[in-house]
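Take a look at the structure below.
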Amino acid sequence: MKEFPHQLLPNSESAMAISAVCVLFLALCATLAEEVKLKYKPATKPVRLFTEEELKRYDGSQEDQPIYLAIKGVVFDVTTGKEFYGKDAPYNALVGKDSTRAVAKMSLDPADLTSDTSGLTEEQLESLDSIFEDTYKTKYPIVGYTASRILNEDGSPNEDFKPEDQPYFQIKDEF
Ligand code: HEM
1 MKEFPHQLLP
11 NSESAMAISA
21 VCVLFLALCA
31 TLAEEVKLKY
41 KPATKPVRLF
51 TEEELKRYDG
61 SQEDQPIYLA
71 IKGVVFDVTT
81 GKEFYGKDAP
91 YNALVGKDST
101 RAVAKMSLDP
111 ADLTSDTSGL
121 TEEQLESLDS
131 IFEDTYKTKY
141 PIVGYTASRI
151 LNEDGSPNED
161 FKPEDQPYFQ
171 IKDEF
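The sequence shown maps to residues 1 to 175 in the UniProt record's numbering.
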């Protein structure tokens, strides 16, 4: 039988090296495929609880600070949307606070810059949910929650808040 030239015949060491590279390559492919499947932007840091005062600091007025906007008590880092939310940008009024009502009503009226959803129409609530899911949750990382999402006004726990339902929320993350 004709032998293969030496350099084409892998010895056992190089065969092992080749298979190790293949395994690594497959693992990398699997990880990338998993990333592509992700619908939500992962939180880059552990999520935290924001008071109203703290949230106000991230209103785009300081160049070196990130810009945060809360919708339905979920705080998003919208810094990459500086052209919408930065200082002097058209939607700057929405940031540094929970602007649920303004987004639901598509209004920039100062009276609507609040988390209060009372009296909103079915249509406005549906619009809010679709912007929340399709714009904010898909486009911006979640950095935390406001107290209003977790506690009711009287300080009792909000039964609708389930940490395990929050994308990328880990029980070990501290508030
Ligand atoms: C004449 C009125 C308006 C026009 C022409 C307009 C136009 C636009 C345009 C072109 C975008 C960008 C879409 C994109 O590139 O992804 C946008 C996004 C947006 N608009 Fe308006 N808009 C108007 C009024 C408002 C009002 C009153 C609000 C009040 C809440 C609002 C809230 C938003 C929000 C939250 C976004 C998403 C920004 C993001 O992707 O982070 N818009 N609008």
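Don't be surprised by glycine CBs; every beta carbon is placed ideally from N, CA and C.
All values reported here derive from a predicted model rather than from experimental measurement.
Go through its chain and collect everything with a Cβ distance to residue i's Cβ below 8 Å, but skip five positions before and after it.
i, result
"residue 71", "98, 99, 100, 103, 128, 131, 132 and 136"
"residue 180", "Limits of the chain in this structure are 1 at one end and 175 at the other, which puts residue 180 out of reach."
"residue 109", "102"
"residue 125", "104 and 117"
"residue 55", "68, 70, 75, 96, 97, 98 and 146"
"residue 106", "127"
"residue 57", "65 and 96"
"residue 13", "none"
"residue 156", "none"
Beta-carbon separation of residue i and residue j under 7 Å?
i, j, result
"residue 146", "residue 84", "no"
"residue 47", "residue 144", "yes"
"residue 74", "residue 150", "no"
"residue 140", "residue 77", "yes"
By Cβ distance, which residues of its chain are closer than 6 Å to residue i, with the 5 residues on each side in sequence left out?
i, result
"residue 59", "95 and 96"
"residue 115", "98, 100 and 148"
"residue 80", "none"
"residue 86", "60"
"residue 91", "84 and 85"
Within the same chain, show all residues whose beta-carbon is closer than 7 Å to that of residue i, passing over the 5 residues directly before and after it, in chain order.
i, result
"residue 158", "149, 150, 151 and 152"
"residue 93", "108 and 113"
"residue 161", "149 and 150"
"residue 62", "none"
"residue 122", "none"
Segments assigned alpha helix (DSSP H), at least 4 residues, entirely inside the region 105-156: 122-131 and 147-150
Sequence ranges, beta strand (DSSP E) only - wholly within the region 46-79, length at least 3: 48-50, 68-71 and 74-77
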